[in-house]
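Per the UniProt record's numbering, the very first residue in the sequence shown carries number 1; after that it's consecutive.
This report concerns only the one structure given below.
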Amino acid sequence: MRGAQWNSGGLSQAKRIALERKLHDDMVLFCLLKETHLALAECGALKIGGYQHVGKARTPHGGGASILVIDGVGVEVGVLEKEVPERATVTLRFSANVSLTITSAHLPRKADTSSESLVTLLGSSGPLVVGADVNSHHVLWDVLRPSGDKGECIVDWCVQNDLSIAKTGSATRRQPGTTTLSSPDITLFRDREISNWTSALSTDSDHYWITFDAFVGTCSKYKLVTQFPKILPPRLVPRIHGARAGLEGAVASRKSRGQPRPRMP
Numbered sequence: 001m002r003g004a005q006w007n008s009g010g011l012s013q014a015k016r017i018a019l020e021r022k023l024h025d026d027m028v029l030f031c032l033l034k035e036t037h038l039a040l041a042e043c044g045a046l047k048i049g050g051y052q053h054v055g056k057a058r059t060p061h062g063g064g065a066s067i068l069v070i071d072g073v074g075v076e077v078g079v080l081e082k083e084v085p086e087r088a089t090v091t092l093r094f095s096a097n098v099s100l101t102i103t104s105a106h107l108p109r110k111a112d113t114s115s116e117s118l119v120t121l122l123g124s125s126g127p128l129v130v131g132a133d134v135n136s137h138h139v140l141w142d143v144l145r146p147s148g149d150k151g152e153c154i155v156d157w158c159v160q161n162d163l164s165i166a167k168t169g170s171a172t173r174r175q176p177g178t179t180t181l182s183s184p185d186i187t188l189f190r191d192r193e194i195s196n197w198t199s200a201l202s203t204d205s206d207h208y209w210i211t212f213d214a215f216v217g218t219c220s221k222y223k224l225v226t227q228f229p230k231i232l233p234p235r236l237v238p239r240i241h242g243a244r245a246g247l248e249g250a251v252a253s254r255k256s257r258g259q260p261r262p263r264m265p
């Protein structure tokens, strides 16, 4: 099942046409959109050919979040939240026993990040995929920028809540007007396999177009390729995708500086 996520930086008519084409070309079943910048009436009236739309409009505090799901899939609307993290959530029902909760989330650059705010992303138990623009950096998902406290907080929270991060370390954003790259967009998941995570330069936004494959069906928990740095207690080892060389480098760098791991607020 193909999923996608994109910080669109607004959804003009031209961007909507490009988005619809991309969804069909990539055979996307669901798409997690951030920063749509849609007013209330625009959000309610948004139509993308072949897809159901659930979303929240922009507010003075957030740019709006939307989810597109291909026609024919059962959708239960969940949280549409304007507080940090701004998010839209739905549950996809494939059969009586098979479902997947998906969330489109955005953490503003200047917003504080804490376990109390992040916990709202967890929802109820069961399979979960969260496409998030976290506006933060950590070596596990962004080798282009130094790790920061906000990134450390998110990693610790993932460890504590048994969430995995699907990410290759490749860029997901290009600074407008420059060649500066960063990687603030990640995909979190629980109880389902995520594979083939890729990001591709978008001509319609400064953020890249991201696609991935999510396995839906009866399966055991996915075993990830790369383990977390061994400086954590074994019981807190999360399942996080990433380049082993990058992970080992992060551990060696931290040890050489003698820096303790920062605690969450």
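For each residue, glycine too, the CB sits at the ideal point set by N, CA and C.
From a predicted model like this one, the values you see are computed outputs, not experimental measurements.
Check                                                                                                                                                                        : Outcome
Restricting to runs no shorter than 3 residues, where is the beta strand (DSSP E) found entirely within the UniProt domain "Endonuclease/exonuclease/phosphatase" (102-210)? : 128-133, 164-166, 185-190 and 194-200
What does the alpha-carbon distance come out to for the pair E152 and L128?                                                                                                  : 22 Å
Are the beta-carbon atoms belonging to A132 and A166 less than 8 Å from one another?                                                                                         : no
What is the rounded straight-line gap between the Cα of S220 and the Cα of A111?                                                                                             : For S220, the pLDDT reaches just 38, beneath the cut-off of 50, and the residue's location in the model is therefore unreliable, although a value from the coordinates is still provided. Those two C-alpha atoms are separated by around 36 Å.
Pull the bridge partners of K56 from the DSSP assignment, please.                                                                                                            : A65
Is the segment 140-147 in contact with the segment 117-125, if contact means three or more CB pairs nearer than 8 Å?                                                         : no
Give a yes or no on whether the C-beta atoms belonging to R93 and A65 are separated by under 8 Å.                                                                            : no
Sort V54, G177, D162 and K82 by Cα distance to P60 and report the nearest one.                                                                                               : K82
Select from S205, S195, A39 and L201 the residue whose C-alpha is nearest the C-alpha of A214.                                                                               : S195
Using the three-state DSSP reduction, which class does E83 fall into: helix, strand or coil?                                                                                 : coil
Using the three-state DSSP reduction, which class does E76 fall into: helix, strand or coil?                                                                                 : strand
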